[in-house]
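The structure under discussion appears below in the form of structure tokens.
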Amino acid sequence: MHPRLIAYYLPQYHPIPENDKWWGKGFTEWTNVTKAKPLYRGHHQPHYPADLGYYDLRVPEVREAQAQMAKRYGIEGFMYYHYWFGDGKKLLERPYQDMLHAKSPDLPFCLCWANESWKGVWFGEFTGQMLIEQTYPGTKDIEAHFYYLLEAFKDDRYIKVDGKPLFNVYMPLNLPDAKAFAAQFNALAIKEGLPGLYLVGSRVPFDWNPHEYGFDAVIGSEMAQIRYRNQSKFKRPRYAIKRTQQIIEKITGKEIFSPFNRPAVVEYAAIIDQLITTQTFDFDYYPCVIPNWDNTPRAGNGGLVFQNSTPALFEKHLLKGIEKVQHLPPQRQLVFVKSWNEWAEGNYLEPDRTHGYAYLESVKRVLDSL
0 MHPRLIAYYL
10 PQYHPIPEND
20 KWWGKGFTEW
30 TNVTKAKPLY
40 RGHHQPHYPA
50 DLGYYDLRVP
60 EVREAQAQMA
70 KRYGIEGFMY
80 YHYWFGDGKK
90 LLERPYQDML
100 HAKSPDLPFC
110 LCWANESWKG
120 VWFGEFTGQM
130 LIEQTYPGTK
140 DIEAHFYYLL
150 EAFKDDRYIK
160 VDGKPLFNVY
170 MPLNLPDAKA
180 FAAQFNALAI
190 KEGLPGLYLV
200 GSRVPFDWNP
210 HEYGFDAVIG
220 SEMAQIRYRN
230 QSKFKRPRYA
240 IKRTQQIIEK
250 ITGKEIFSPF
260 NRPAVVEYAA
270 IIDQLITTQT
280 FDFDYYPCVI
290 PNWDNTPRAG
300 NGGLVFQNST
310 PALFEKHLLK
320 GIEKVQHLPP
330 QRQLVFVKSW
340 NEWAEGNYLE
350 PDRTHGYAYL
360 ESVKRVLDSL
């Protein structure tokens with residue numbers, strides 16, 4: 000049995016009224032992708048999709064094509080980002096709901112509750128403002144949330160571990176009481192005839208033991224650890240140098256194209272060994288592998304770039320991730336991929352015009368070698 004590769008799946012490829020209001024009529028993730036431009040010499044932007052084009056996830060044929068592509072290259076299933084802001088407020092639920100109710104495509108899936116507030120971090124009138132706040136109204140809301148998800152949990156396609164539906168809480172540290180949340184969700188699952196839920200946390204420090212909070216496992220968040228706790232990994236210019244550059248630009252009226260006027264850049268080859276920890280744990284730890292990263296389409300010069308990623312380097316990275324879980328029982332040999340289709344963050348497996356299917360071929364090559 001191969002290790003189980005599950006890819007995060009972003010549903011923000013169809014317009015919704017809220018995004019129309021915040022960012023302009025017809026906004027989708029492609030809006031950020033298509034406006035991207037190189038920010039320093041050698042910066043590879045924009046990225047262009049290949050076979051699937053600038054798709055709309057309201058179209059069933061698109062979702063079917065994605066599923067067939069994932070199956071062909073060894074991705075077991077998609078983990079859809081799911082947005083529940085409290086009091087029943089949901090966003091971007093249509094692709095997941097359409098897939099669920101149509102019983103198609105026939106590809107395993109699970110859900111990641113992306114429980115964080117949305118802020119205006121891109122461009123336009125709402126930049127820097129709170130767009131919609133993640134709230135936690137209490138036990139009645141937890142119950143309503145569970146029953147909204149129950150149809151998915153009981154779907155034959157839903158990804159399970161030891162018979163339990165897998166549910167990822169993206170930021171369990173944000174929960175007012177993670178232990179109480181886990182207990183209530185599990186109790187409701189058992190009440191509805193399920194053996195419980197397989198709860199997985201992410202974006203947590205290494206000393207967060209999931210068992211102490213009623214969770215079963217952790218998805219590695221080394222990228223967040225490195226980026227936010229060790230800023231030296233992503234060096235930016237000293238303030239004095241940057242300020243001098245700004246003064247010269249103001250006097251001359253010309254932009255200085257230099258390494259000081261750019262996002263944080265790190266070589267992909269230098270960072271991949273740090274994206275999967277060498278630590279061992281008394282609980283299940285699942286690595287999160289990243290084929291590439293460049294979120295400058297969203298963040299501009301405030302972004303982060305993993306430079307010079309290649310399919311061969313990703314293959315090495317993925318193999319290390321698989322090795323990390325090979326000691327576990329087959330059902331729990333999980334490796335998560337971030338992501339299937341996060342184009343505006345530069346991390347995607349879908350074919351593009353530069354590499355074609357090369358990253359997907361890397362996945363299949365690794366799996367075929369096991």
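For the sequence shown, numbering that gives the first Met the number 0 begins at 0 and goes up steadily by one. Glycine included, each C-beta is placed from N, C-alpha and C at the ideal position.
Could you check whether Ile270 and Phe305 sit closer than 8 Å to each other, using their CB atoms as the reference points? On the sequence shown, residue 305 is found 306 positions in, with the first residue counted as 1. On the sequence shown, residue 270 is found 271 positions in, with the first residue counted as 1. Yes, these two residues count as a Cβ contact at 8 Å.
Quickly, what does DSSP pair Ile141 with across the bridge? List them, please. Within the sequence shown, the letter at position 142 stands for residue 141. Partner(s): none; Ile141 has no beta bridge.
3 or more residues per run - each beta strand (DSSP E) lying fully within the segment 289-356: 303-306, 333-336
In chain order, what are the residue ranges of uninterrupted beta strand (DSSP E) at least 3 long that sit wholly in the segment 84-120? 108-112
Cα-Cα separation between Asp55 and Ala35, rounded to whole angstroms: Along the sequence shown, read from residue 1 onward, the residue named residue 55 stands at position 56. Along the sequence shown, read from residue 1 onward, the residue named residue 35 stands at position 36. Approximately 19 Å between the Cα atoms of the pair.
Apart from the five residues just before and just after Lys319, which ones in its own chain have a Cβ nearer than 6 Å to its Cβ? Reading the sequence shown from its first residue, position 320 is the one you call residue 319. Around Lys319: Ile275.
8 Å Cβ cutoff, Leu318 in contact with chain E: Absent from the structure is chain E; it holds one protein chain and no more.
Contact the segment 290-297 vs the segment 325-345: 3+ CB pairs below 8 Å: yes
For Ala373, count neighbouring C-beta atoms within 10 Å of its own C-beta (all shown protein chains included) and say buried if the count is 16 or more, exposed if not. Missing from the structure shown is residue 373; the chain here goes from 0 to 369 and no further.
Distance between Ala64 and Ile131 (C-alpha atoms, nearest Å): One-based indexing of the sequence shown puts residue 131 at position 132. One-based indexing of the sequence shown puts residue 64 at position 65. Distance between the alpha carbons of Ile131 and Ala64 is about 32 Å.
Could you check the C-alpha separation between Glu17 and Tyr79 for me, to the nearest Å? Position 18 of the sequence shown, counting from 1, holds the residue named residue 17. Position 80 of the sequence shown, counting from 1, holds the residue named residue 79. Taking the straight line from one Cα to the other gives about 20 Å.
Residue span of the beta strand (DSSP E) that contains Asp283, given as start and end: Here residue 283 refers to the residue found at position 284 when the sequence shown is read from its first residue. Taken as a continuous stretch (DSSP letters only), the beta strand (DSSP E) holding Asp283 covers 283-285.
Taking the alpha helix (DSSP H) that Arg62 falls in, what are its first and last residues? Taking the first residue of the sequence shown as 1, we reach residue 62 at position 63. It spans 59-72 - the alpha helix (DSSP H) in which Arg62 sits, taken as one unbroken run.
Using the DSSP secondary-structure output, state which residues sit across from Glu266 in a beta bridge. Within the sequence shown, residue 266 is the residue found at index 267, counting from 1. According to DSSP, Glu266 bridges with Gln306.
Proximal residues to Asn173 (C-beta, below 6 Å), its chain only, five neighbours per side dropped: For the purposes of this step, residue 173 is identified with residue 174 of the sequence shown, where counting begins at 1. Excluding positions up to five away in sequence, the list reads Asn114.
Going by DSSP, what residues sit across from Gly200 in a beta bridge? Mapped onto the sequence shown, residue 200 falls at position 201. Answer is Val168, Val217, bridged to Gly200.
Quick one: using the 10 Å Cβ neighbour count with 16 as the cut-off for buried, is Thr353 buried or exposed? For this step, residue 353 is matched to residue 354 along the sequence shown. By the neighbour-count rule (16 or more Cβ atoms within 10 Å), Thr353 is not buried but exposed.
Say whether the segment 94-110 touches the segment 26-34, bearing in mind that this needs 3 or more beta-carbon pairs closer than 8 Å, one atom from each stretch. no
Which value, in whole angstroms, describes the spacing of the CA atoms of Lys232 and Pro194? Counting from 1 along the sequence shown, the entry for residue 232 is found at position 233. Counting from 1 along the sequence shown, the entry for residue 194 is found at position 195. Confidence is the limiting factor: at Lys232 the pLDDT is only 47, short of 50, which leaves the residue's position unreliable and the question unanswerable from this model.
Using the Cα positions of Gly73 and Thr33, report the straight-line distance between them to the nearest angstrom. Within the sequence shown, numbered from 1, the residue matching residue 73 stands at position 74. Within the sequence shown, numbered from 1, the residue matching residue 33 stands at position 34. Going by the C-alpha atoms only, they are around 29 Å apart.
Among the candidates Pro329, Tyr212, Glu191, Asp272, whose CA atom is the shortest distance from the CA of Val168? Reading the sequence shown from its first residue, position 169 is the one you call residue 168. Closest by alpha carbon: Tyr212.
Provide the residue(s) that pair with Ile15 in DSSP beta bridges, ordered along the chain. Your numbering for residue 15 matches position 16 in the sequence shown. Partner(s): none; Ile15 has no beta bridge.
Could you give the distance in angstroms between the alpha-carbon of Lys89 and the alpha-carbon of Tyr82? Position 90 of the sequence shown, counted from the first residue, corresponds to residue 89. Position 83 of the sequence shown, counted from the first residue, corresponds to residue 82. Their backbone Cα atoms lie some 5 Å apart in a straight line.
Tell me whether the beta-carbon of Tyr325 lies closer than 8 Å to the beta-carbon of Val160. Your numbering for residue 325 matches position 326 in the sequence shown. Your numbering for residue 160 matches position 161 in the sequence shown. For the record, residue 325 in the displayed sequence is Gln; it is not Tyr. Cβ distance not < 8 Å, so Gln325 and Val160 don't count as in contact.
Measure from the alpha carbon of Ala311 to the alpha carbon of each residue in Leu38, Asp97, Leu110, Tyr356, then state which is nearest. Working through the sequence shown from its first residue, we reach residue 311 at position 312. Of Leu38, Asp97, Leu110, Tyr356, the residue nearest in Cα terms is Tyr356.
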